[in-house]
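A.B. asks:
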Amino acid sequence: MRAATGLWRWRHNPLRRTTDLVEAWVAFSAVVLLCLVVPLTAWAAGTSAYGSLSRAVRTQQEQRLPTTARVVRLADGPVSGPRSVETAGEERLRRSVVARWTAPDGSARTGTVATARQHSAPGAAFTLWTDRDGRPVGPPMQASTARAHAVIAGLTAALLAGLLVELVRRLAVRRLVVARHARLDRAWAAAGPDWGRTGTGS
3 MRAATGLWRW RHNPLRRTTD LVEAWVAFSA VVLLCLVVPL TAWAAGTSAY GSLSRAVRTQ
63 QEQRLPTTAR VVRLADGPVS GPRSVETAGE ERLRRSVVAR WTAPDGSART GTVATARQHS
123 APGAAFTLWT DRDGRPVGPP MQASTARAHA VIAGLTAALL AGLLVELVRR LAVRRLVVAR
183 HARLDRAWAA AGPDWGRTGT GS
């Protein structure tokens with residue numbers, strides 16, 4: 003709104019300089035881009051991310067299968083195989099155990115996995131996710147997680163687009179200010195030697 007008001011004010015102002023009008027147009031263009039391009043960028047990025055993540059969700063849900071594992075004993079060493087990303091707090095709530103489970107092909111498997119502390123006593127049962135070969139994997143991504151990541155991607159793209167528009171506007175205004183100062187310096191250099199002399203009109 004300020005850009006549009008400034009543009010209107012400079013239209014027929016007798017003090018208007020060319021750089022003033024250009025600066026007003028630059029500001030008006032930046033406002034238009036912020037109102038149109040930024041939302042479109044956010045929508046495009048969010049939609050693309052959601053499509054990719056939705057395909058990943060479907061793939062993981064098809065390839066990762068839940069099974070019931072039973073704790074044999076506490077593990078001495080680190081957990082083998084892939085693990086999901088956990089925060090420090092979540093890590094403290096989990097323990098490494100040696101467990102036995104049944105693979106999708108019906109064969110019995112034994113290995114070191116992580117489970118919640120309340121399920122770490124020998125003989126305790128817990129849900130374990132495996133791939134189709136029976137190897138332990140993390141649980142599949144949920145659709146809600148995919149949506150959340152897509153929203154974050156869209157907001158990030160919108161923020162970057164907005165920052166880019168603002169950066170270009172500032173660079174353009176800076177060049178206009180430099181040009182304005184250079185013009186004033188040239189005018190002063192031409193008028194300065196005669197400043198204050200009789201008959202020069204100053």
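When the letters of the sequence shown are read in order and numbered with our numbering, they come out as residues 3 to 204.
Virtual Cβ for every residue (Gly too), placed ideally from N, Cα, C.
Nothing here was measured: the structure is a model prediction, and the numbers come from that model.
Closer than 8 Å by C-beta to alanine 152: which residues in its own chain qualify, once you throw out the five before and the five after it? Chain order, please.
C.D. replies: Closer than 8 Å at Cβ, skipping near neighbours: Gly48, Thr49, Ala51, Tyr52 and Leu55.
A.B. asks: When you compare only the Cα positions, how much space is there between threonine 43 and leucine 76?
C.D. replies: Roughly 51 Å between the two C-alpha positions.
A.B. asks: Using the Cα positions of threonine 112 and threonine 129, report the straight-line distance between them to the nearest angstrom.
C.D. replies: Cα to Cα, threonine 112 sits roughly 14 Å from threonine 129.
A.B. asks: Taking one C-beta from the stretch 167–175 and one from the stretch 27–42 each time, how about it: are there three or more such pairs within less than 8 Å?
C.D. replies: Result yes; three or more Cβ-Cβ pairs closer than 8 Å.
A.B. asks: So, with DSSP's three-state summary, where would you put serine 122?
C.D. replies: In the structure shown, serine 122 sits in coil (DSSP, three-state: anything other than H, G, I, E or B).
A.B. asks: Name, in chain order, the residues that DSSP records as bridge partners for tryptophan 45.
C.D. replies: According to DSSP, which records beta bridges pairwise, tryptophan 45 is partnered with nothing at all.
A.B. asks: Return the first residue and the last residue of the beta strand (DSSP E) that leucine 67 is part of.
C.D. replies: Counting along the chain, the beta strand (DSSP E) containing leucine 67 begins and ends at 67–76.
A.B. asks: By the 10 Å Cβ neighbour count, where 16 or more other Cβ atoms means buried, how is serine 86 classified, buried or exposed?
C.D. replies: With a pLDDT of 41 at serine 86, under the threshold of 50, the predicted position of this residue should be treated as unreliable, though the coordinate-derived value follows. Exposed is the call here.
A.B. asks: Measure how close the beta-carbons of threonine 69 and tryptophan 103 come, nearest whole angstrom, since I'm counting them as under 8 Å.
C.D. replies: At roughly 5 Å, the Cβ-Cβ gap stays under 8 Å, so threonine 69 and tryptophan 103 are in contact.
A.B. asks: With DSSP run on the structure shown, which of helix, strand or coil describes alanine 26?
C.D. replies: Helix, per DSSP.
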